[in-house]
Amino acid sequence: RTPKPLSGKTIIMTSGPTHEPIDPVRYIANRSSGKQGHAIAAALARLGATVRLVSGPVNIPDPEGVSVIHVESAREMRDAVEQLLPADAAVMVAAVADWRYANEANEKIKKHPGEKAPALQMVENPDILAGVGHSKLRPRLVIGFAAETQDLLINAQKKLDKKGADWIVANDVSHTKGVMGGDRNAVRIVTHTGVEEWPDMSKEEVAERLAQKIATALQQLEA
Ligand code: C5P
240 RTPKPLSGKT
250 IIMTSGPTHE
260 PIDPVRYIAN
270 RSSGKQGHAI
280 AAALARLGAT
290 VRLVSGPVNI
300 PDPEGVSVIH
310 VESAREMRDA
320 VEQLLPADAA
330 VMVAAVADWR
340 YANEANEKIK
350 KHPGEKAPAL
360 QMVENPDILA
370 GVGHSKLRPR
380 LVIGFAAETQ
390 DLLINAQKKL
400 DKKGADWIVA
410 NDVSHTKGVM
420 GGDRNAVRIV
430 THTGVEEWPD
440 MSKEEVAERL
450 AQKIATALQQ
460 LEA
C-alpha cells in the first residue's frame, strides 16, 4: 500500500474568528464560520498529515482526525501557535481581530442614565501569521489567507512580504459573493512567481485541492 503523501508531516493551522473581550459579557469579533479552515484541516489529515489546529470560537464540530486547541482571543491563539512550532508547514486561515479593547474590564461595564456611551480605546493585536512567517522556527511552507473587498491581488501580493508567507490564498468577500458563512468559495493562489485562479467551487473542494497542492510543494522542497 502506498504511503499517504503527507504522512510524517506536521502542519499547524488556525481557523475561525477570535473574540476580544470588552468585559465579562461583551466582545468584539470578526465574522468567520471556520468552515474553510476546518475543511482544510480535515483534508490535510486525510492525506496523512499530523494536523494541529488552533481554533477560535466556532459552531461547527472539530474536524475529523485533527487535534484541536480551542482559544478565544488573538493573544491566546498566538501563544498556542508558538507552542506548536516547529512544523513542516503552517496554514493560517483564522479571521484574527486586528484590534482589541485596550482596557478589558473585570466587571460588566454598567450603563448609567444620562451618561455618555463609552469610547472604546483599541490597541493592535499580534499578527500571528507574520510571527510564524518571520520566526527562527519558520516552517518551510507558510500559507496565509486574504479576505478583501477591494484591490484583491495587489493586497495579497503585499501580504506575501509583510507576512513572510510563501502563498496567500485570496478571496473576494464583497457582500454580493456570499463567501462569509456560505459553502462556496472562489480563490486565487498568489505566490512570489504568479497567480493561480481557481474557479468557484465548494469549500470542501477548495480544501481538497489546496491540501494536494501543499503535498506536492512539500515533496518538491524535499527533493
Ligand atoms: O492582514 P490580514 O488580516 O488581511 O491578513 C490575513 C492573514 O493573516 C490570514 O492568514 C490571517 O489568518 C492572518 N492573520 C493573523 N494574525 C492577525 C491578522 C491576520 O494570523 N492578527
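Counted from 1, the sequence shown has number 252 at position 13 by UniProt numbering; the numbering is strictly sequential.
Quick reminder that beta carbons are idealized off the backbone N, C-alpha and C, glycines included.
All values reported here derive from a predicted model rather than from experimental measurement.
Query raised in the report: What number of angstroms, rounded off, separates the C-alpha of Val426 from the C-alpha of Asp439?
Result: Between Val426 and Asp439, the C-alpha separation is close to 7 Å.
Query raised in the report: Between which two residues does the alpha helix (DSSP H) harbouring Val445 extend?
Result: Counting along the chain, the unbroken alpha helix (DSSP H) around Val445 starts and ends at 442–461.
Report task. Decide if the region 293–307 is in contact with the region 397–417; the criterion is three or more beta carbon pairs, one per stretch, under 8 Å apart. Result -> No, the region 293–307 does not touch the region 397–417.
Query raised in the report: Given that a residue counts as buried once 16 or more other Cβ atoms are within 10 Å of its Cβ, and exposed if not, what is Val310?
Result: Looking at its Cβ environment, which holds 16 or more other Cβ atoms inside 10 Å, Val310 is buried.
Query raised in the report: Where do the ends of the beta strand (DSSP E) carrying His373 lie?
Result: Membership of His373 in any beta strand (DSSP E) is not indicated, and neither H nor E is assigned to it by DSSP.
Query raised in the report: Got a sec: does ligand 1 put a non-hydrogen atom nearer than 8 Å to the Cβ of Ile367?
Result: Flag set: Cβ of Ile367 near ligand 1.
Query raised in the report: From which residue to which residue does the beta strand (DSSP E) around Gly433 run?
Result: In this chain, the beta strand (DSSP E) harbouring Gly433 covers 433–436.
Requested in this report: Please report the Cβ distance between Asn424 and Lys452, rounded to the nearest whole angstrom; I am assuming they are in contact, meaning their Cβ atoms lie under 8 Å.
Outcome: Going by Cβ atoms, the distance from Asn424 to Lys452 rounds to 15 Å, so no, they are not a contact pair.
Query raised in the report: In terms of residues, what are the limits of the alpha helix (DSSP H) holding Leu392?
Result: Note, Leu392: alpha helix (DSSP H), 391–402.
Report task. Keeping to the same chain, check which residues put their C-beta closer than 8 Å to that of Ala284; ignore five residues upstream and five downstream. Result -> So the qualifying residues of the chain are Val290, Pro302, Glu303, Gly304, Val305.
Requested in this report: Can you have a look at Glu259 and say buried or exposed, based on whether 16 or more other CB atoms are within 10 angstroms of its CB?
Outcome: Counting the other CB atoms within 10 Å of its CB gives Glu259 a total of 16 or more, which places it among the buried residues.
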